[in-house]
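Asker: I'd like to ask some things about the structure below.
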Amino acid sequence: MGFFDSLIRKNFEPLENLSGIVTDMHSHLIPGIDDGSKTIEESIDLVNKLIELGYKKIITTPHIMSDYYRNTEAGILAGLDTLRKALDEANIQIDISAAAEYYADFDFTQKIQKDKLLTFGNKYLLFEISYFSPPDSVEEIIFNIQTNGYKPVLAHPERYIYWHNKFEIYEKLKDRNVYFQLNINSLCGHYSLPVMKIAEKMIKNKMFEFVGSDTHNSNHILLIRESMKNPNLRKLVESGILINPDL
Ligand SMILES: [Fe+2]
24 MGFFDSLIRK
34 NFEPLENLSG
44 IVTDMHSHLI
54 PGIDDGSKTI
64 EESIDLVNKL
74 IELGYKKIIT
84 TPHIMSDYYR
94 NTEAGILAGL
104 DTLRKALDEA
114 NIQIDISAAA
124 EYYADFDFTQ
134 KIQKDKLLTF
144 GNKYLLFEIS
154 YFSPPDSVEE
164 IIFNIQTNGY
174 KPVLAHPERY
184 IYWHNKFEIY
194 EKLKDRNVYF
204 QLNINSLCGH
214 YSLPVMKIAE
224 KMIKNKMFEF
234 VGSDTHNSNH
244 ILLIRESMKN
254 PNLRKLVESG
264 ILINPDL
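In my numbering, the protein residues as written are 24 to 270.
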């Protein structure tokens, strides 16, 4: 086998681990405050599993959503403190911090003007929108985030199926400097086949600056191992466009 053959073959080999991503910036590991980890024991187990996958740093992002998860910034930081202490006692060494996954609802619009929101890296703000219907004005959400001094990172854009046949909306968001974060598990068809296909198209179009595990439970870790078999994940991790390693 010649040099180029082996190079081509290597590009299709599954990733052995996720050490090339370095930092996971989307997960639900603070126990009992959202639909993620339920107990401190489960949180410790999930952190251990993320370390086994190769991550060196974790930024966990509980939901803040007024209809379901009425979390506050202070509450999240208190939960982080508890988790750090438990990890310390269990002798687990990992750089762990917290931000939030903000749901872009009415309260969010009010909050962004008066509170200091939880961000990661250089003012990156992770936000999500409805899975069922498009927001009235996504432009207004973006404008609001940016004019208040934050950099918008749209969580799992591939999961908003109402935009699948309106790819120009994704392109418009990129033109407006919206960062996109892929969920790794979109690449094993966990959500649906169309979600996987659109995620692969976005990878080809170099639209993701961030990739996240969105870990809620240990089943997600098993699915990540499935997703690692998708050559598009290697392509993304080796593209050099991800910001995760610099966080
Ligand atoms: Fe999430």
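Using N, Cα and C, we set each Cβ at its ideal position, and we do this for glycine too.
In this text the structure is predicted, and so the values were computed from the model without any measurement.
Counting only runs that start and end within the segment 150-199, where is the beta strand (DSSP E) found for 3 or more residues in a row?
Answerer: 174-178
Asker: May I ask you to check if the CB of H213 is nearer than 7 Å to at least one heavy atom of ligand 1?
Answerer: H213: no, Cβ never under 7 Å from ligand 1.
Asker: For Y91, which option in D68, Y126, S60, Y214 has the closest C-alpha, if you only look at C-alpha atoms?
Answerer: Y126
Asker: Whole angstroms is fine: what's the gap from K229's alpha carbon to I264's?
Answerer: 8 Å
Asker: Measure from the alpha carbon of F150 to the alpha carbon of each residue in T132, I165, E124, then state which is nearest.
Answerer: E124
Asker: Do you know whose CA, among L106, D118, A222, F155, lies nearest I74's CA?
Answerer: Answer by Cα proximity: D118.
Asker: Compare the Cα-Cα distances from T84 to each of D104, H49, Q116, E64 and report the closest residue.
Answerer: H49
Asker: Less than 7 Å between C-beta atoms, sequence neighbours within five positions excluded: which residues of the same chain meet that for H239?
Answerer: H51, D58, G59
Asker: Ligand 1 and A22: does any heavy atom of the ligand fall closer than 7 Å to the residue's C-beta?
Answerer: Because residue 22 is not part of the residues shown, which for the chain are 24 to 270, the question remains open.
Asker: Taking 8 Å as the limit between beta carbons, can you name the residues of its chain near L103, skipping five residues before and five after?
Answerer: I53, T83, I119, S120, A121
Asker: Given this structure, state the Cα-to-Cα distance separating G212 from M219, to the nearest angstrom.
Answerer: 5 Å
Asker: Is any heavy atom in ligand 1 found nearer than 7 Å to the beta carbon of D237?
Answerer: yes
Asker: Beta carbon of I67, beta carbon of L38: below 8 Å?
Answerer: no
Asker: The alpha helix (DSSP H) that contains T83, what's its start and end?
Answerer: Looking at the DSSP string, T83 is not in any alpha helix (DSSP H); the run it does join, the beta strand (DSSP E), is 80-83.
Asker: Can you tell me whether H243 sits near ligand 1, meaning its C-beta is under 7 Å from at least one heavy atom of the ligand?
Answerer: False, no ligand heavy atom lies under 7 Å from that Cβ.
Asker: Determine whether the beta carbon atoms of I44 and P268 lie at a separation below 8 Å.
Answerer: yes
Asker: Here's the rule: buried if 16 or more other CB atoms are within 10 angstroms of the residue's CB, otherwise exposed. What is T170?
Answerer: exposed
Asker: Quick check on N188: buried or exposed, where buried means 16 or more other Cβ atoms within 10 Å of its Cβ?
Answerer: N188 comes out exposed.
Asker: Report the three-state DSSP secondary structure of M230 (helix, strand or coil).
Answerer: coil
Asker: Can you determine whether any heavy atom of ligand 1 sits closer than 7 Å to the C-beta of E124, and answer yes or no?
Answerer: yes
Asker: I247 and N208: beta carbons closer than 8 Å?
Answerer: yes
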